[in-house]
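All remarks here apply to the structure that follows.
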Amino acid sequence: MNMSRLMRKLKPGKGAVIAVPFFWLLLFFLVPFFIVLKISFAEQDLAIPPFTSLLQIEDGVLQSLSLYFGNFHFIFTDGLYAATYLSSLKVAFFTTVMCLLLGYPIAYAIARADPARRNVLLMLVMLPFWTSFLLRVYAWMGLLNETGLINNFLMSIGLISEPLHLFHNDFSLYLVMVYAYLPFMILPLFSHLVKMDMRLLEAAADLGAGPIKAFLTITLPLSKNGIIAGSMMVFIPAVGEFVIPELVGGTDTLMIGKVLWNEFFDNNNWPMASAVAIIMVLMLIVPIALLHRYETRELEGKGNA
Amino acid sequence: MHNKLSPFLKGVLVVGFLFLYIPIVSLIVYSFNESKLVTVWGGFSTKWYVSLFNNEQIMSAVKLSIEIALASALAAVALGTIAGFVLARFKRFPGSTLFAGMMTAPMVMPEVITGLSMLLLFISMQQLVGVPTERGFFTIWVGHTTLCMAYVAVVVRSRLLEIDQSLEDAAMDLGARPLKIFFVITLPLVSQAIASGFLLSMTLSLDDLVTTAFLSGPGSTTLPQVIFSKVRLGLNPEINALASITVLVVGVVVLLANYLMLNAQRNRDKAIAAAMRESGAHS
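Taken in order, these protein sequences are the chains called F and G. With our numbering applied, the first sequence corresponds to residues 1 to 305, in that order. With our numbering applied, the second sequence corresponds to residues 1 to 283, in that order.
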């Protein structure tokens, strides 16, 4: 096999090649999580840094180890935290569903378009993604405001006489969440749909299946991996989203990303922020593993072909 | 005849693109508004562009953000290309599952978590070994590099899985050493993927707010931080002007990059076709 030949040749330097990115990620991505875990068992303190240390060391000898469970106790007993986690999951879930319902037809249409035009259409989807996320969220502030463009327009054509409440509520939250995350759904769906063998649909049509039946029995199952990948790409970051609920969400919108930010920046309670983060990571482990599994399977399939 | 889109699919595309572009177009149109009330049209004016360029806070943040973005994109391309190569060519090695997992996770992990965790790492490092002494350019650079290298790795990996490995094998049969093969054969073949990875890293770094907020210090305020602090207070015509310039720059760069890449692709296809004809004539 070519592959194993290459492997054997590369062996001496292989370890060194792997080591560079491996240790970078280990040090700057994985190790930090254990530090967060450690500090989630500390107590807020008026010191620099603002938390107690878990280990008491004197003359190089460990004197005592004190774990403080108060942060987690507070999260589990205070109803507001539970409500916030649930509300974040709910917002992320419905954002994902709406992105899927809107993104699937778009991805499908691009995948079925003339190949010459496909690149242009795909680039039109990508272009907003390349422009600043923050500025795209800001754009909606100008549209949804009480005196914003949508209200101005509707009032000028006489459809409404008083401005609609479009801003700082669940409507604006979901609208902008879907807007911001839509490209993350379209791209994985597109890359699956475009690879599909169109002869399957022709065969189904020849055998008498209607377009809806063909879609449900062929296209949809074949794009399953794309649906899962796209959904996870939207769901996981949406759970911890901070900017959108902060700028366009309602004042009573409960999002865990906002809580973490406030604990850290406003209350200066780093241990509490760490505990909030740990619970969030635990909630996201399964979706991340799911995304990872489907991505690996996808690439391995490609590699063998 | 499946290339003909049904009216339904055409409608879907129109609605989808209107949804994606109306906010961006409205930003640009109202950046030329004379009135300070962003959403009330008061006549055409370019005065917000003038005041944007005279705003020293914004301009120094732009400078810092571009410096960080260049430094992060360079590091991310170096690390991400190696990582993408490892993922595509080595496949199984001790710790490969952990490695692949650590490549996927930074792309989707909520930024409040990565930002907080990296900050706590730097604080612990400072306590243990004394560096980094302060939060600023270096800490932001590390954070952005870690986020961006994952994207570069994905782009490079999928390109490597697409290209024909027979060239690398042929070079090996001719006795070239692995390092030479990598630099002479593999690297040029993935140069486009590296270029897109670089551009993607630049935009991600220029745009990052949340991770940066955790990792920046008092003297290092990046552009997204300035924008965020301003738009939190409401609409601001200078930000509209800034947004229009951003859209213009991004649009030109993306179109240009796309054009150059399509051209390169076409030339390569032509060269391959010519080589095929040649070898066919000889056999």
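Beta carbons are placed, not taken as given, at the ideal position from N, Cα and C, and that holds for glycine. Remember, predicted model here, so these are calculated numbers, not experimental data.
Alpha carbon to alpha carbon, how far is residue i from residue j?
{"i": "Ser132/F", "j": "Ile244/F", "result": "13 Å"}
{"i": "Leu187/F", "j": "Tyr259/G", "result": "20 Å"}
{"i": "Tyr294/F", "j": "Asn225/F", "result": "6 Å"}
{"i": "Leu166/F", "j": "Lys47/G", "result": "30 Å"}
{"i": "Phe93/G", "j": "Pro188/G", "result": "26 Å"}
{"i": "Ser64/F", "j": "Ala42/F", "result": "14 Å"}
{"i": "Ala176/G", "j": "Gln165/G", "result": "15 Å"}
{"i": "Val239/F", "j": "Leu20/G", "result": "22 Å"}
{"i": "Lys302/F", "j": "Val176/F", "result": "Because the pLDDT of Lys302/F is 49, which lies under 50, any placement of that residue in the model is unreliable, and the number read from its coordinates should be weighed accordingly. So the two alpha carbons sit approximately 35 Å from each other."}
{"i": "Glu278/G", "j": "Phe182/G", "result": "27 Å"}
{"i": "Lys195/F", "j": "Ala113/F", "result": "13 Å"}
{"i": "Thr139/G", "j": "Pro32/F", "result": "13 Å"}
{"i": "Pro237/F", "j": "Gly219/G", "result": "29 Å"}
{"i": "Ser201/G", "j": "Ser72/G", "result": "7 Å"}
{"i": "Asn304/F", "j": "Phe90/G", "result": "Reliability fails at Asn304/F, whose pLDDT of 38 lies under 50, so the model's placement of it is uncertain and no value is given."}
{"i": "Arg312/G", "j": "Ile58/G", "result": "In the structure as shown, chain G starts at 1 and stops at 283, and residue 312/G therefore has no counterpart that could be examined."}
{"i": "Val254/G", "j": "Ser244/G", "result": "15 Å"}
{"i": "Lys38/F", "j": "Leu54/F", "result": "8 Å"}
{"i": "Ile160/F", "j": "Val38/G", "result": "21 Å"}
{"i": "Met1/F", "j": "Val155/G", "result": "Its pLDDT being 41, under 50, Met1/F is placed unreliably by the model, and the measurement read from it follows with that caveat. Taking the straight line from one Cα to the other gives about 26 Å."}
{"i": "Leu262/G", "j": "Ala116/F", "result": "12 Å"}
Which term fits residue i, buried or exposed, when burial requires 16 or more other beta carbons within 10 angstroms of its beta carbon?
{"i": "Phe153/F", "result": "exposed"}
{"i": "Thr203/G", "result": "buried"}
{"i": "Lys90/F", "result": "exposed"}
{"i": "Lys270/G", "result": "exposed"}
{"i": "Pro7/G", "result": "exposed"}
{"i": "Val252/G", "result": "exposed"}
{"i": "Gly13/F", "result": "exposed"}
{"i": "Lys36/G", "result": "exposed"}
{"i": "Arg297/F", "result": "exposed"}
{"i": "Ala105/G", "result": "buried"}
{"i": "Asp208/G", "result": "buried"}
{"i": "Leu208/F", "result": "Checking the displayed sequence, the identity of residue 208/F turns out to be Gly instead of Leu. The residue in question, Gly208/F, is exposed, as its Cβ has fewer than 16 Cβ neighbours within 10 Å."}
{"i": "Thr81/G", "result": "buried"}
{"i": "Glu263/F", "result": "buried"}
Taking Cβ positions, are residue i and residue j nearer each other than 8 Å?
{"i": "Leu160/G", "j": "Val190/G", "result": "yes"}
{"i": "Tyr151/G", "j": "Met107/G", "result": "yes"}
{"i": "Ile75/F", "j": "Val276/F", "result": "yes"}
{"i": "Phe242/F", "j": "Gly257/F", "result": "yes"}
{"i": "Ile279/F", "j": "Tyr85/F", "result": "yes"}
{"i": "Leu220/F", "j": "Ala111/F", "result": "no"}
{"i": "Phe51/F", "j": "Asp45/F", "result": "yes"}
{"i": "Thr211/G", "j": "Gly143/G", "result": "yes"}
{"i": "Val61/F", "j": "Trp140/F", "result": "no"}
{"i": "Leu254/F", "j": "Ala83/F", "result": "yes"}
Please identify the residue among the options whose C-alpha is closest to the C-alpha of residue i.
{"i": "Leu52/G", "options": "Ala275/G, Glu238/G, Arg277/G and Val253/G", "result": "Glu238/G"}
{"i": "Ser65/G", "options": "Asp164/G, Gln127/G and Ser205/G", "result": "Ser205/G"}
{"i": "Ala153/G", "options": "Thr211/G, Thr97/G and Gly197/G", "result": "Gly197/G"}
{"i": "Val226/G", "options": "Val12/G, Val62/G and Lys36/G", "result": "Val62/G"}
{"i": "Ile106/F", "options": "Lys10/G, Ser220/G and Leu256/G", "result": "Lys10/G"}
{"i": "Gly250/F", "options": "Ala139/F, Tyr181/F, Asn169/F and Phe265/F", "result": "Asn169/F"}
{"i": "Glu111/G", "options": "Gly234/G, Val250/G, Ala213/G and Val252/G", "result": "Ala213/G"}
{"i": "Val25/G", "options": "Thr77/F, Arg136/F and Ala116/F", "result": "Arg136/F"}
{"i": "Met98/F", "options": "Ala203/F, Asn267/F, Phe171/F and Leu80/F", "result": "Phe171/F"}
Given 7 Å as the limit, tell me if residue i has its C-beta closer than that to any heavy atom belonging to the ligand COA.
{"i": "Leu182/F", "result": "For the ligand COA, the structure offers nothing, since it holds no ligand at all."}
Query raised in the report: Which parts of the segment 185-216 of chain F are runs of the beta strand (DSSP E), unbroken and 3 residues or longer, counting only runs that do not cross its ends?
Result: none
Requested in this report: Determine which residues of the segment 232-249 of chain F have a Cβ less than 8 Å from any Cβ of chain B, and write them out in chain order.
Outcome: The structure shown contains no chain B; its protein chains are F and G.
Query - Sequence ranges, beta strand (DSSP E) only - wholly within the segment 55-117 of chain G, length at least 3 - result: none
Query - Whole runs of the alpha helix (DSSP H) within the segment 94-176 of chain F, excluding any shorter than 4 residues - result: 115-130, 133-144 and 149-156
Requested in this report: Please list the segments of the alpha helix (DSSP H) lying wholly inside the segment 31-83 of chain F, counting only runs of 4 or more residues, in order along the chain.
Outcome: 31-39 and 70-77
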